[in-house]
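Asker: Take a look at this one; I'll ask things after.
In full-length UniProt numbering, the protein residues as written are 1 to 996.
Below, the structure is given as structure tokens:
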């Protein structure tokens, strides 16, 4: 289910759309239960997901915020309404029953926290953090760094659902606060309100205040203990019925402030209601990151890095435990359902688990996309699994995640690097706090066998830092085989340190095996050590028992010791392209022999990505991108066909095998604030001055964006351009059948990208509003479309006509259709003829020389004679020879003579009946005689004319054929000659020439 759609920028042509499918940076906000406890809401980046408690399926996606969501609060009286606050300076009210937006409140500053007190409906506490510029604004001081002073406040607002016209707040642009509760120079970390009080905290301080306007804020002091490092306050929670405030510390302690609104007492007495008493609970060995009270106030839930939920009885302080909730990942927040039956746990592995309080068991588990921070695959963060059609991304530390981006469902996880999930005492938060070097394990590359649903092999490249003697990372190349029985991938072969340098790419290819007639699966790896290697499954000796084949190195290659960044193979596996430095070398993968090289004009730029054009491309092409340009090489000529400046640093390339199109991405900066004196500064170097200049320019350039362009190999003009904020970590084409809901929106979006916020979006061109679908075009419009001339070399240079009359265009289309119909009936134009002349359908500068095109051209337009036609030709020439032999070259003949000649043709040898070219003169005499008979009214002459015309039309000039004596063109002795031949032999003119 798509979550959101954003329009393209002004520079996009045509208009593009960006629809968020799934993912995003997981939020640590506590789960909010709605709908009577049957639904729960969990935030991800700028989206609120409404899910079912029963099965974990997403019911609605509440989309509308333009920034990260910072808080969610349920409506105090309506169980189907929920408030959400965001850094886009808005608070929105949603109806979770249908996923609709009810109302939006806009504020002057971004909202960082939100809380509400159920005892005071429609009263909300919002936290803001404003930044004021206190630097000197004079021109002389413009070169000094700007000093910024932050100010954090907590203000109370009355957010009414229905406002009357008499209400003064309805006429204001921004809501007016009822009062300012707290003010501080440091941003607030947590905010909670309940039982007529509101509590807020920073890293070291806690303040509380009563609900009354005259109440003064009060600070709660931390215990005076000797700490090596003062603990930080991690979270905060308020008791629902009493003035009890609980705080979780980074030291693992839980502070319980009883009667927090009264004076603080050094001698704790919980029974006293006139002084604040401090009580310390300590079970956790690591920071306490999650706290929440049950709605009846009898139980306190706590959680931390141990992945264990502790249930504390508030009166007796007895404990119960729910262990191994997050599979070793920390617990970030806890939310309790209104009936206290369930606890919603947000875990550090991008998952949400619903735990039953009665049976202490996990009821529902929802796993989201786990890619975040540096946890992405190198080169391209999105890799498609051809067997399942799922997208494969980097999951939790050392794992791969198979994810259905269209359904927003986690399908499977593969632990590529075995790790110890025991939590250490580092004091950190998140998954980076696991023991030892295992925290630094990551999957860098992944590749799949390209055999569609029959794919069995997967290759991964993982890295564990600091595992070798010299402190270098341990790199392992692993081959995995799919197990159909258990439906899992299992390790088949492991290769340690496959290359001496960093591995840059991996690709599977199926090479034909002439000996067995089957295909051999080969893995190609490239590295910065200037080597590319081929790995294959080694054959096992038939005599060996219980020995399975392993993957071994088959061969390796290099080109001028240049670093290799990428490799690609053609669709038929007949060609291998290696991007070595600034040159692309073409190899025969079967023999590992280099065939050719491809270059580009900017030799100082290395080719970073390379790919072959899709099978639907008209001309076989090779696509490559450098740091600033995109090149397309024509493989027929071996030269650059076209190139285009990307306007930034190219970092992504993907080819669509269905349409032949390809998409590239490049990081760009808005240089409107960069002065002319800065444009020519060289940023390379190691000196401090250059580093300082680079830092200043980076500040002027601001946050980079990523420009995404789609091309067809035949044109340097992009079909569409889309600009995504920040860095795009990966892009890939998705099969067209996976986007049925997007086609209804007049979009051809098929490009998946992983945005800077780790959300997976689908990007593509959108049909403008008001455009009539192709199925609804009228016949008149269709005629105009058919008459539109196709792109030609002339129109490509000079352009199309400036104006075309529609009426004349339709008439021209009708005449063209009539002419085409006539040519088709004559066999001159048609599908068969077009197929035979298909070799002419190419650009003029790519066509072969005319000398080489002559013979194929005549073979295509001239029909070859069959045996029946050849027999008819022989009969016609036999007829001419028999007549000359019987009549001695007479100029006139009648039908009886022709019939007599036909009767005698059975007795004439076919080996002596062919004539040379002068034999055609006899047919000229025959036509003259026929025309004379026709003028004199002879009916036989007309019939004979028709018969001979039929014979003549189908009788070409016969070639010279071998005769009985084995000499071409000579007649054997004893053969009667024609009158013209006798006259030529005797040196006298023939009778025909005399009459002429």
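A virtual CB, placed ideally from N, CA and C, is assigned to each residue, including glycine. Because the structure is a prediction, the values reported are computed rather than measured.
(1) Enumerate in chain order the residues of its own chain whose CB-to-CB distance from residue 218 is below 8 Å, with the five nearest sequence positions on each side excluded.
(2) Would DSSP call residue 194 helix, strand or coil?
(3) Go ahead and pull the three-state DSSP assignment for residue 67.
(4) Return the chain-ordered ranges of every beta strand (DSSP E) run that is complete within the UniProt repeat "WD" (281-316) and spans a minimum of 3 residues.
(5) Measuring only the C-alpha atoms, how far is residue 875 from residue 868?
(6) Going by Cα to Cα distance, which pick from 514, 160, 179, 475 is closest to residue 445?
(7) Grouping DSSP H, G and I as helix and E and B as strand, with all else coil, what is residue 895?
(8) How is residue 52 classed by DSSP in three states: helix, strand or coil?
(9) Buried or exposed: residue 321, going by 16 or more other Cβ atoms within 10 Å of its Cβ?
(10) First and last residue of the beta strand (DSSP E) that includes residue 182?
(11) Where does residue 821 land, buried or exposed, given buried means 16+ other C-beta within 10 angstroms?
(12) Please list, in chain order, all residues of the same chain as residue 461 whose beta carbon is under 6 Å from its beta carbon, the five residues on each side excluded.
(13) Looking only at its chain, what residues have a beta carbon closer than 6 Å to the beta carbon of residue 757, apart from the 5 residues adjacent to it on each side?
(14) Looking at the unbroken beta strand (DSSP E) that takes in residue 464, where does it start and where does it end?
(15) Could you compute how far the alpha carbon of residue 651 sits from the alpha carbon of residue 727?
(16) Helix, strand or coil for residue 214, going by three-state DSSP, please let me know.
(17) Thinking residue 82 and residue 22 are a contact (beta carbons under 8 Å), I'd like their distance in whole angstroms, please.
(18) When you compare each of 552, 580, 519 to residue 604 by their alpha carbons, which one comes out closest?
(19) Compare the C-alpha of residue 381 against each of 654, 295, 191 and name the closest.
(20) Pick from 412, 463, 249, 231: whose alpha carbon is nearest that of residue 390?
(21) Please identify the residue among 326, 624, 338 whose C-alpha is closest to the C-alpha of residue 644.
(22) I need the DSSP call for residue 116, collapsed to helix, strand or coil.
(23) Rounded to the nearest angstrom, how far is the Cβ of residue 67 from that of residue 110, given a contact under 8 Å?
(24) For the structure I just gave you, are there three or more beta carbon pairs, one from the region 284-297 and one from the region 248-258, closer than 8 Å?
(25) Mapping DSSP to helix, strand and coil, what is residue 106?
(26) Are the Cβ atoms of residue 247 and residue 188 separated by less than 9 Å?
(27) What is the DSSP secondary structure of residue 373, reduced to helix, strand or coil?
(28) Can you give me the C-alpha to C-alpha distance between residue 639 and residue 622, rounded to a whole angstrom?
(29) Excluding sequence positions up to five away, which residues of its chain have a Cβ less than 7 Å from the Cβ of residue 935?
(30) Should residue 186 go down as buried or exposed, given a rule of 16 or more other Cβ atoms within 10 Å for buried?
(31) Whole angstroms are fine: how far does the CA of residue 394 sit from the CA of residue 351?
(32) Taking DSSP as the reference, what is the three-state secondary structure of residue 934?
(33) CA-CA distance, residue 613 and residue 752?
(34) Are the CB atoms of residue 60 and residue 50 within a distance shorter than 9 Å?
(35) Short of 7 Å in beta carbon distance, which residues of its chain neighbour residue 501, apart from the five on each side in sequence? Order them along the chain.
(36) Is it the case that the Cβ atoms of residue 211 and residue 120 are separated by a distance below 9 Å?
Answerer: With the given structure in hand:
(1) Excluding sequence neighbours, residue 218 sits near 207, 208, 209, 260, 261.
(2) In the three-state reduction of the DSSP assignment, residue 194 falls in the strand class.
(3) It is coil, neither helix nor strand.
(4) Under the rule that a run must span 3 or more residues, the beta strand (DSSP E) segments found entirely inside the UniProt repeat "WD" (281-316) read 288-293, 299-304, 309-313.
(5) Between residue 875 and residue 868, the C-alpha separation is close to 11 Å.
(6) Selected option, being the one with the closest Cα: 475.
(7) Low local confidence applies: a pLDDT of 45 at residue 895 is under 50, so the model's placement there is unreliable, and no value is given.
(8) Looking at residue 52 - three-state DSSP - the assignment turns out to be strand.
(9) By the Cβ-count criterion, residue 321 is exposed, with fewer than 16 other Cβ atoms from all chains shown falling within 10 Å of its own Cβ.
(10) Unbroken beta strand (DSSP E) run through residue 182: 179-184.
(11) It is exposed - the Cβ of residue 821 has fewer than 16 other Cβ atoms within 10 Å.
(12) Taking residue 461 as the centre and dropping the five residues before and after it, the same chain places the C-beta of 444, 445, 477, 503 closer than 6 Å to its C-beta, in chain order.
(13) The residues are 24, 25, 45.
(14) First-last of the beta strand (DSSP E) with residue 464: 457-464.
(15) Each residue's CA atom was taken as its position, placing residue 651 and residue 727 some 10 Å apart.
(16) DSSP places residue 214 in the coil class of the three-state scheme, outside both helix and strand.
(17) At roughly 21 Å, the Cβ-Cβ gap does not stay under 8 Å, so residue 82 and residue 22 are not in contact.
(18) Taking only the C-alpha atoms, the option nearest residue 604 is 580.
(19) Comparing alpha-carbon positions, the option among 654, 295, 191 lying closest to residue 381 turns out to be 654.
(20) The alpha carbon of residue 390 has as its nearest neighbour, out of 412, 463, 249, 231, the alpha carbon of 412.
(21) The residue from 326, 624, 338 with its alpha-carbon nearest to that of residue 644 is 624.
(22) Assigned with DSSP and collapsed to three states, residue 116 falls in strand.
(23) Contact flag correct, Cβ pair sits at about 7 Å.
(24) Yes, since at least three Cβ pairs between the region 284-297 and the region 248-258 fall closer than 8 Å, the two stretches touch.
(25) Here residue 106 sits in strand by DSSP.
(26) Taking a C-beta distance under 9 Å as the contact criterion, residue 247 and residue 188 do not qualify as a contact pair.
(27) When DSSP states are grouped into helix, strand and coil, residue 373 belongs to the coil group.
(28) Taking the straight line joining both Cα atoms gives about 10 Å.
(29) Bear in mind that the predicted position of residue 935 carries a pLDDT of just 49, short of 50, making it too unreliable to give a figure here.
(30) Sixteen is the threshold: since fewer than 16 other Cβ atoms of the shown chains lie within 10 Å of the Cβ of residue 186, the residue is exposed.
(31) Between the alpha carbons of residue 351 and residue 394 lies a gap of roughly 15 Å.
(32) Legend: pLDDT at residue 934 = 46, less than 50; position of this residue unreliable, no value from coordinates given.
(33) When rounded, the distance between both Cα atoms is 19 Å.
(34) The answer is yes: Cβ separation under 9 Å.
(35) For residue 501, where only same-chain residues beyond five positions count, the Cβ hits under 7 Å are 527, 528, 529.
(36) Result yes, Cβ atoms of residue 211 and residue 120 sit closer than 9 Å.
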